[in-house]
Amino acid sequence: HSYCLIEDSVILADTDISRHCRLRKVIVDTNCKIPSNFVAGEDPEADAKRFFRTPGGITVISQAMLDAL
């Protein structure tokens, strides 16, 4: 959608990304609904608390993880 910044990321099929999101170095699983103003991949400590982070610094996001927020 409009006004999003997505860098070095993989967005899998049937994912809906709302406006004003920033995603850096993330993998978003299928069928995810990313809410407006969502930010991931910019704060490693915050990402590690909410999502799965690989040793290489990639943040992996699933719908179950988003639902838990």
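Note that the sequence shown covers residues 9 to 77 in the working numbering.
Just so it is clear, CB atoms sit at the ideal spot from N, CA and C, and this is done for glycine as well.
Quick one: using the 10 Å Cβ neighbour count with 16 as the cut-off for buried, is D16 buried or exposed? Exposed: under 16 other Cβ atoms inside 10 Å.
On a CA-only basis, which of I42, P52, V18 and T62 is nearest A76? Give me that one, please. I42
Cα separation between T62 and L20? 18 Å
Identify whether K33 lies in helix, strand or coil by the three-state DSSP scheme. Coil at K33, not helix or strand.
Could you give the first and the last residue of the continuous beta strand (DSSP E) run that contains E15? L13 to E15
Can you check which of these residues, N39, I35 and Y11, is closest to D22 by C-alpha distance? N39
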